[in-house]
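Worksheet: the structure to be examined is printed underneath.
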Ligand code: SF4
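Residue numbers (the numbering used here): 1 to 304.
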């Protein structure tokens with residue numbers, strides 16, 4: 001496979017491999033302050049309450065993964081319903097009535113989806129962790145499902161959100177492209193197709209990468225990693241500096257509020273405000289994000 005390996009080293013490149021997941025790279029891309037809160041500040045700033053739409057998504061993902069672990073004869077829509085019910089995550093809902101209504105919907109999603117599957121067609125992997133490395137990054141992540149179709153592997157990603165998907169979502173996903181490269185490397189089998197399975201509509205959006213488009217995604221991942229690694233290093237230097245405010249007693253959960261943060265760190269990890277700030281777990285620590293987008297209740301992400 002034609003990757004960007006061999007093009008390096010570049011000036012400013014990190015000396016060590018930057019270990020990451022696609023989520024970490026995307027966090028760096030989306031909002032550096034959120035990246036800092038998520039991956040660097042320790043103790044980690046407290047998060048807001050759980051989101052109900054995440055509870056729905058996680059419950060469905062868990063049920064679908066468990067469904068494939070059942071023996072063949074139990075891979076039925078009813079089993080999907082039972083698995084969903086047994087593993088239902090109740091966090092973030094307004095009340096028991098709302099949670100119950102969404103449990104029913106999620107049961108329909110999961111059982112309706114598995115009714116479209118061939119239970120004898122075992123995937124190569126379910127919630128499978130894959131990893132690959134270049135001269136810059138060691139990247140790993142977990143694939144919802146890895147199928148074999150003919151002589152090739154296909155990366156399958158389940159989506160439960162309300163937004164309809166486009167082919168661009170599949171084409172432009174850094175995570176899916178990285179998973180395809182990693183699966184191909186680990187299994188020594190070509191993997192160029194990535195699919196988004198949108199459970200609410202039953203739609204499957206596919207994109208078939210070329211070696212060149214995969215290499216472009218991997219190159220992009222390396223660029224982001226190079227930037228993030230340099231910022232991480234500077235962060236560690238600044239945090240270790242003697243002028244840094246002394247942390248509280250061991251075990252005390254601190255909120256890394258902006259007042260405690262050296263100005264250079266704040267500049268290095270600047271906020272990127274936008275509508276997404278409404279849904280950011282660290283919004284309570286971010287005055288700019290609060291000003292940029294309205295507060296949302298934990299259940300506001302559900303499509304009523
Ligand atoms: S609220 Fe917005 S700007 Fe602030 S950390 Fe979160 S995503 Fe970034």
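For glycine and all other residues, C-beta sits at the position ideal for the given N, C-alpha and C.
(request) Can you grab the Cα-Cα spacing for the pair residue 147 / residue 224, in whole Å? (result) For the pair residue 147 and residue 224, the Cα-to-Cα distance works out to about 29 Å.
(message) Helix, strand or coil for residue 217? Go by DSSP, reduced to three states.
(response) Taken through DSSP and simplified to helix, strand or coil, residue 217 comes out as helix.
(message) I'd like to know whether the C-beta atoms of residue 219 and residue 175 end up nearer to each other than 8 Å.
(response) no
(request) Leaving aside the five residues before and after residue 178 along the sequence, list all residues of the same chain whose C-beta is less than 8 Å from its C-beta, in chain order. (result) For residue 178, where only same-chain residues beyond five positions count, the Cβ hits under 8 Å are 22, 132, 139, 141, 217, 218 and 221.
(request) Give the DSSP-derived three-state secondary structure of residue 239 in the structure shown. (result) If DSSP states are grouped into helix, strand and coil, residue 239 belongs with the helices.
(message) Are there any heavy atoms of the ligand SF4 lying less than 7 Å away from the beta-carbon of residue 237, as far as the coordinates show?
(response) no
(request) To the nearest angstrom, report how far apart residue 152 and residue 188 are at their CA atoms. (result) 10 Å
(request) Could you check what DSSP says for residue 141 in three-state terms: helix, strand or coil? (result) strand
(message) Quick test of your reading: residue 271 and residue 293, contact by CB under 8 Å. State the CB separation rounded to the nearest angstrom.
(response) Their Cβ separation, rounded to whole angstroms, is 11 Å, which puts residue 271 and residue 293 out of contact at 8 Å.
(request) Give the straight-line distance between the Cα atoms of residue 251 and residue 289, rounded to the nearest whole angstrom. (result) Below a pLDDT of 50, predicted positions are generally treated as unreliable, and residue 251, at 45, falls in that range; no measurement from the model is reported.
(message) Can you find the residues in the same chain that come closer than 7 Å, C-beta to C-beta, to residue 57, ignoring five residues on each side of it along the sequence?
(response) 160
(message) Can you find the residues in the same chain that come closer than 7 Å, C-beta to C-beta, to residue 94, ignoring five residues on each side of it along the sequence?
(response) 299
(request) Determine, using beta-carbon pairs with one atom in the segment 48-67 and one in the segment 109-120, whether at least three such pairs fall under 8 Å. (result) yes
(request) Would you give the residue range spanned by the alpha helix (DSSP H) that residue 68 belongs to? (result) 52-69
(request) Taking residue 18 as part of the beta strand (DSSP E), name the residues at either end of that continuous run. (result) Start and end: 18-20.
(message) I believe residue 157 touches residue 209 by the beta-carbon criterion, under 8 Å. Please report the beta-carbon distance rounded to the nearest angstrom.
(response) Contact doesn't hold; Cβ gap of about 14 Å is too wide.
(request) Thinking residue 55 and residue 92 are a contact (beta carbons under 8 Å), I'd like their distance in whole angstroms, please. (result) 5 Å
(request) Could you have a look at residue 7 and say whether DSSP puts it in helix, strand or coil? (result) In this prediction, residue 7 has a pLDDT of 40, which is less than 50 and means its spatial position is unreliable; what the coordinates show is noted afterwards. Looking at residue 7 - three-state DSSP - the assignment turns out to be coil, as it is neither helix nor strand.
(message) Between which residues of its own chain and residue 125 is the CB-CB distance below 6 Å, once the five residues before and five after are set aside?
(response) The residues are 146.
(message) Could you give the first and the last residue of the continuous alpha helix (DSSP H) run that contains residue 193?
(response) That residue, residue 193, is in no alpha helix (DSSP H); its beta strand (DSSP E) goes 191-198.
(request) For my contact list, residue 229 and residue 18 are in at a C-beta cut-off of 8 Å; report their separation, rounded to the angstrom. (result) 4 Å
(message) If distances are taken between C-alpha atoms only, which option among 234, 88, 98 and 31 comes closest to residue 301?
(response) The alpha carbon of residue 301 has as its nearest neighbour, out of 234, 88, 98 and 31, the alpha carbon of 98.
(request) Look at the Cβ atom of residue 75, then the Cβ atom of residue 303, and state whether they are nearer than 8 Å. (result) no
(message) Using 8 Å as the threshold, is the C-beta distance between residue 105 and residue 81 below it?
(response) no
(request) Have a look at residue 168 and residue 214 and give me their C-alpha separation to the nearest angstrom. (result) 15 Å
(message) I'd like the span of the alpha helix (DSSP H) that includes residue 84, first residue to last.
(response) Start and end: 77-86.
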